């Protein structure tokens, strides 16, 4: 009956989102008066999970699951859920988790709520609060099925330490051959991704051209932030599509979102609204973004951004 | 190649979102409905397959009669036929079951659905169709080529992209990148006239309970006024972010 959490890893190391969903699963387990079991795939050392409320780890080591494949991963999680007789399964909002969760839902005939931002308001009936209408509203959703899958929105719950006695057990689910073969992966490993980032620095057409992105990257570097851009910027080809955030781009739910030279069209604001604190830097004091921001600087990005970077460097050095 | 494009009927991206009946229903008053943007990228890619590889393209939607103008628009853009499953689209799982039922009766080589709708953002329909019909599935698809029964698909992953090879039948969760924004087609008069002659079949739904139910909606709390910091005093901004907002 334990709450099952899928704790994602990359090259054997847990992603930050894995520790967040473990923290969330612990809170739900407390509500239900049960324990937390985590399933890990190809992780060498899962002991870190013991700090976030996990009681037991099912450790899968399987060469078929060396690279991510949604079907195989969903099969492994399904079998773990059956073994533990879990009624609640918690996953993150990473691209991979959102890819496998619908397959898992079909496999377990489970109701699935994605983009959940709080622990269940009630466990009988089982209701969760999730973002909808691309962050323009919240939906209270009731999951009617016996088995429930919760996709937790990134950075919505945070990390909560909870140490206990962690037991680890090897688990060998049977995995069928995947109909999908990974040919190549093209990924910048030295950069913070928008999905994982606590801080996102984003810029728009106000930067006038792709050659001016150096200062955005410098600011992001100082903050350990991911870089992002507005839709016109990716449409113009100044920045890759993968950086486009907004309604049709990537959603952002960072702790701090800094918007430079972005006017703040409704579609852009919808995509980034889940961010907790928003700072806008724009020459136009009438830009709609100022109405949605917490802090604003009316000024020329070409002067403000390099200065802000210097100030932050000094600040960081003092910390 | 037979392609099915799933079309969600959603409020236009600039719509103000309001609720009625004690915040339990989405208020459609004055709302302009459009083809879900993530679906439109997929539809446009399907048009490319039609032009270059002779594909036959059917569009499908689960909804009441009020969603038919959205299907007609898809026909005007160039789809050959439309199907409307006559049921209220309640939750993603039940929609996927209705769609899977149509797909089982009338097999398709390629099913394209947006990675998520911009209204409920469930992100579950494409994956669930694949699960229910035992088809291969690639989500967050930003590139797709088909050669015979083989497909090469590019998937956006956190921090980059991945190229995979697979075989038909295939379901993809599409998004921007599948085609460029500038490739999207606005229906011309000829397309609109022709769309009136194209078949739009209404099929009755199967029994499918709702796995999840919307209980209530809330709107975000109104935002306080922005705190403006002078461009000459950025130390204050650093201090506010550290001491007040506590985010650095």
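Protein chains in written order, with this note's numbering: chain A, 156 to 474; chain B, -12 to 235.
Note that beta-carbon positions come from the ideal geometry of N, C-alpha and C, so glycine has one too.
Just so it is clear, the structure is predicted and the values come from calculations on it, not from any experiment.
Residue 94 (chain B): which of B:179, B:170, B:187, B:-10 sits nearest, CA to CA?
-> Mapped onto the second chain, residue 94 (chain B) falls at position 107. Nearest C-alpha to residue 94 (chain B): B:-10.
Kindly indicate the opening and closing residues of the beta strand (DSSP E) around residue 149 (chain B).
-> One-based indexing of the second chain puts residue 149 (chain B) at position 162. Boundaries of the beta strand (DSSP E) harbouring residue 149 (chain B): 147 to 154, taken from the DSSP string.
Consider the Cβ of residue 261 (chain A): report whether some Cβ of chain B lies at a distance smaller than 7 Å.
-> Working through the first chain from its first residue, we reach residue 261 (chain A) at position 106. Taking Cβ atoms only, chain B reaches closer than 7 Å to residue 261 (chain A), which makes this a yes.
Establish whether the CB of residue 374 (chain A) and some CB of chain B are separated by less than 7 Å.
-> Working through the first chain from its first residue, we reach residue 374 (chain A) at position 219. With 7 Å as the cut-off, residue 374 (chain A) does not count as an interface residue toward chain B.
Quick one: what's got a C-beta closer than 6 Å to residue 69 (chain B)'s C-beta in the same chain, skipping five residues either side?
-> As a first step, residue 69 (chain B) is located in the second chain; it is residue number 82 there, counting from the start. Same-chain partners within the cutoff: 46, 58, 62, 187.
In the DSSP assignment, what residue or residues form a beta bridge with residue 107 (chain B)?
-> For the purposes of this step, residue 107 (chain B) is identified with residue 120 of the second chain, where counting begins at 1. According to DSSP, which records beta bridges pairwise, residue 107 (chain B) is partnered with nothing at all.
Residues that residue 95 (chain B) contacts on chain A, provided the C-beta gap is smaller than 9 Å = As a first step, residue 95 (chain B) is located in the second chain; it is residue number 108 there, counting from the start. Under the 9 Å cutoff, chain A gives no residues; its nearest Cβ is about 16 Å from residue 95 (chain B).
Taking the C-alpha atoms as reference points, what is the distance between residue 383 (chain A) and residue 463 (chain A)?
-> Translated into positions along the first chain, residue 383 (chain A) becomes position 228. Translated into positions along the first chain, residue 463 (chain A) becomes position 308. Approximately 18 Å between the Cα atoms of the pair.
Mind checking if residue 423 (chain A) is an interface residue toward chain B, Cβ cutoff 7 Å exclusive?
-> Position 268 of the first chain holds residue 423 (chain A). No, its Cβ sits nowhere closer than 7 Å to a Cβ of chain B.
Determine which residues of the stretch 75 to 106 of chain B have a Cβ less than 7 Å from any Cβ of chain A, and write them out in chain order.
-> Taken in chain order, the members of the stretch 75 to 106 of chain B whose beta-carbon sits within less than 7 Å of a beta-carbon on chain A are 80, 105, 106.
What does residue 175 (chain A) reach in chain B if we use C-beta pairs closer than 8 Å?
-> Within the first chain, the letter at position 20 stands for residue 175 (chain A). Going along chain B, no residue has its Cβ under 8 Å from residue 175 (chain A), so there is no contact; the nearest lies around 14 Å.
Starting from the C-beta of residue 247 (chain A), find all residues in its chain whose C-beta is less than 8 Å away, skip the five residues before and the five after it, and write them out in chain order.
-> Translated into the one-based positions of the first chain, residue 247 (chain A) becomes position 92. Correct list, in chain order: 161, 163, 170, 172, 173, 175, 176, 306, 307, 309.
Beta carbon proximity, residue 162 (chain A) to chain D, threshold 7 Å = Going by chain labels, chain D is absent from the structure shown, which instead holds the protein chains A and B.
Whose CA, out of B:23, B:29, B:86, lies closest to the CA of residue -3 (chain B)?
-> On the second chain, position 10 is the one that residue -3 (chain B) refers to. Of the listed residues, the one whose Cα sits closest to residue -3 (chain B) is B:23.
Do you know how far the Cα of residue 286 (chain A) is from the Cα of residue 304 (chain A)?
-> Numbered from its first residue, the first chain carries residue 304 (chain A) at position 149. Numbered from its first residue, the first chain carries residue 286 (chain A) at position 131. Answer to the nearest angstrom: the Cα atoms are 16 Å apart.
Does residue 173 (chain B) have its Cβ less than 7 Å from a Cβ in chain A?
-> Here residue 173 (chain B) corresponds to residue number 186 of the second chain, with the count starting at 1. Answer no: the Cβ-Cβ gap between residue 173 (chain B) and chain A never drops below 7 Å.
Pick out the complete beta strand (DSSP E) segments inside the stretch 369 to 415 of chain A, 3 residues or longer, and give them in chain order.
-> The stretch 369 to 415 of chain A is shown to contain whole beta strand (DSSP E) runs of 3 or more residues at 381 to 384, 411 to 415, in chain order.
Helix, strand or coil for residue 315 (chain A), going by three-state DSSP, please let me know.
-> Counting from one through the first chain, the residue named residue 315 (chain A) turns up at place 160. Note: residue 315 (chain A) maps to coil in three-state DSSP.
For residue 26 (chain B), does the three-state DSSP call read helix, strand or coil?
-> On the second chain, residue 26 (chain B) is found 39 positions in, with the first residue counted as 1. In the three-state reduction of the DSSP assignment, residue 26 (chain B) falls in the helix class, which pools H, G and I.
Verify whether the separation of the beta carbon atoms of residue 159 (chain A) and residue 192 (chain A) is less than 7 Å.
-> Counted from its first residue, the first chain places residue 159 (chain A) at position 4. Counted from its first residue, the first chain places residue 192 (chain A) at position 37. Closer than 7 Å, so yes.
Chain B contacts made by the stretch 446 to 466 of chain A, where a contact means CB separation under 9 Å = So the list reads 446, 447, 448, 449, 450, 451, 452, 453, 454, 455, 458, 459, 462, 463, 465, 466, given in the order they occur along the chain.
Determine contact between the stretch 198 to 210 of chain A and the stretch 218 to 227 of chain A, defined as no fewer than three beta-carbon pairs at a distance below 8 Å.
-> A contact between stretches requires three or more CB pairs, one per stretch, nearer than 8 Å, and the stretch 198 to 210 of chain A fails this requirement with the stretch 218 to 227 of chain A.
Roughly how many angstroms lie between the CA atoms of residue 279 (chain A) and residue 297 (chain A), to the nearest whole one?
-> What you label residue 279 (chain A) is simply residue 124 of the first chain in a count that begins at 1. What you label residue 297 (chain A) is simply residue 142 of the first chain in a count that begins at 1. So the two alpha carbons sit approximately 9 Å from each other.
Just mark residue 183 (chain B) as buried or exposed, buried being the case when its beta carbon has 16 or more other beta carbons within 10 Å.
-> Looking up residue 183 (chain B) in the second chain gives position 196. Under a 10 Å Cβ-count criterion, residue 183 (chain B) is classified as exposed, with fewer than 16 other Cβ atoms of the shown protein chains found around its own Cβ.
At a Cβ cut of 9 Å, what residues of the stretch 322 to 352 of chain A count as close to chain B, listed as they run along the chain?
-> Answer set for the stretch 322 to 352 of chain A: 333, 334, 335, 336, 337, 338, 339, 340, 341, 342, 343, 344, 346, 347, 348, 349, 350, 351.
Would you say residue 267 (chain A) faces chain B, with C-beta separation under 7 Å as the test?
-> Taking the first chain and counting its residues from 1, one reaches residue 267 (chain A) at position 112. It does; some Cβ of chain B falls within 7 Å.
Check: residue 122 (chain B) C-beta below 6 Å from any heavy atom of the ligand ADP = Of the ligands one can find in the structure shown there are none, so the ligand ADP has no counterpart to examine.
Validate contact between the stretch 143 to 163 of chain B and the stretch 83 to 99 of chain B using beta carbons, cut 8 Å, 3 pairs = Segments in contact, yes.
Under the rule that 16 or more other beta-carbon atoms within 10 Å means buried, what is residue 173 (chain B), buried or exposed?
-> For this step, residue 173 (chain B) is matched to residue 186 along the second chain. So residue 173 (chain B) ends up on the exposed side.
Classify residue 356 (chain A) as helix, strand or coil using the three-state DSSP reduction.
-> Counting from one through the first chain, the residue named residue 356 (chain A) turns up at place 201. It is a strand residue.
Just the C-alpha distance for residue 313 (chain A) and residue 273 (chain A), rounded to the nearest angstrom, thanks.
-> Taking the first chain and counting its residues from 1, one reaches residue 313 (chain A) at position 158. Taking the first chain and counting its residues from 1, one reaches residue 273 (chain A) at position 118. So the alpha carbons of these two residues sit roughly 11 Å apart.
In three-state DSSP terms, what is residue 18 (chain B)?
-> Sequence index remark: in the second chain, residue 18 (chain B) carries index 31 (1-based). Correct three-state label for residue 18 (chain B): coil.
Determine, using beta-carbon pairs with one atom in the stretch 101 to 113 of chain B and one in the stretch 70 to 89 of chain B, whether at least three such pairs fall under 8 Å.
-> Enough Cβ pairs lie closer than 8 Å, so yes.
Would residue 252 (chain A) count as contacting chain B if we go by Cβ distances under 7 Å?
-> On the first chain, position 97 is the one that residue 252 (chain A) refers to. Taking CB atoms only, residue 252 (chain A) has no neighbour in chain B less than 7 Å away.
Who are the neighbours of residue 239 (chain A) on chain B, taking C-beta pairs under 8 Å?
-> The sequence position of residue 239 (chain A) within the first chain is 84, counting from 1. Per Cβ cutoff of 8 Å: no residues; residue 239 (chain A) is ~21 Å from chain B at best.
Identify the continuous beta strand (DSSP E) that holds residue 203 (chain B) and give its terminal residues.
-> On the second chain, residue 203 (chain B) is found 216 positions in, with the first residue counted as 1. For residue 203 (chain B), the enclosing beta strand (DSSP E) stretches over residues 199 to 205.
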